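In full-length UniProt numbering, the protein residues as written are 1 to 190.
The C-beta atom is built at its ideal place from N, Cα and C for all residues, glycine as well.
Predicted model, so just to flag it, every value in this text is computed and none were measured.
Written out as C-alpha cells, the structure reads:
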C-alpha cells in the first residue's frame, strides 16, 4: 500500500467565499501558536503578524483598505484579515536575513494546516498596497510586508460576484513531480 498525502494537506485550498461566522479567540490563538512552531534560520523567528477580526471594525477596515479593489470585493465577508511581515536582519548581528521569507512561508504553512484542522480556511494575497500598509501601520523600514491573508469558515459561493464565483469552482491544478523535481543538472529541467 502506498502512502498518501495527509488529508489536511490534500484538502487545503484558498477559497474566496467566506462565511461571516466569528472565529473564537481560542482558535485564533492556535493559528498563531502553530506559526510559532515553524523552523527558522538560527531560530530567528523573523515573522510578525498584524491582524484584526470584525470585533475590531476600525482595525479590520484599515487592513481591508490596503487590499486592491478586486480582493476587497470578496475578503469583506471573511471574519479575520492578517498582514504578514518579516524582519530583514538577524537580531543577533544585524546581518541580512536572506531566509526570512522562507521562514515566514513555513510559519504560514503551519498556520494553514492548523486552520484546516479547525475547519478554517486561509487565502493568501499579494494584491495589496505595501506603501499604504507601511504608512497606515507605521511599519519600520527594517521589516518587509510580504502578504495578506483572509481567514474564515467556508461560505456560499453564490454570495460572490459572478466573475469571482466562476473562479471559485475552477479545478485545483498542481504541477506534476516531473515538472518540479530533478536529480540531475539544471538543463534537465527543460
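Beta-bridge analysis with DSSP links residue 123 to 150. For the set 87, 91 and 110, the Cα lying nearest the Cα of residue 100 is the one of 87. Around the Cβ of residue 54, a 10 Å sphere holds 16 or more other Cβ atoms; the residue is buried. DSSP places residue 118 in no alpha helix (DSSP H); its state is neither H nor E. Secondary structure at residue 87: strand, using DSSP grouped into helix, strand and coil. For the pair residue 113 and residue 8, the CB atoms are nearer than the 8 Å cut-off.
Taking a 10 Å sphere around the C-beta of residue 98, we find fewer than 16 other C-beta atoms and assign the residue as exposed. Straight through space, the alpha carbons of residue 145 and residue 77 are spaced by roughly 23 Å. Residue 16: not part of any alpha helix (DSSP H); DSSP gives it neither H nor E. Relative to residue 96, the option among 41, 6 and 75 whose CA is nearest is 41. Per DSSP, the unbroken alpha helix (DSSP H) holding residue 34 starts and ends at 25-36. Residue 27 and residue 18 have their C-alpha atoms spaced approximately 16 Å apart. For residue 164, the enclosing alpha helix (DSSP H) begins and ends at 162-168. Judged by DSSP secondary structure, residue 52 falls within the beta strand (DSSP E) whose first and last residues are 47-53. Residue pairing for residue 139: DSSP places it in no beta bridge. Residue 49 holds the alpha-carbon nearest to the alpha-carbon of residue 82 among 157, 177, 164 and 49.
In this structure residue 111 is not in contact with residue 12, their Cβ atoms being roughly 11 Å apart against a cut-off of 8 Å. In the structure shown, residue 5 falls within a coil segment according to DSSP collapsed to helix, strand and coil.
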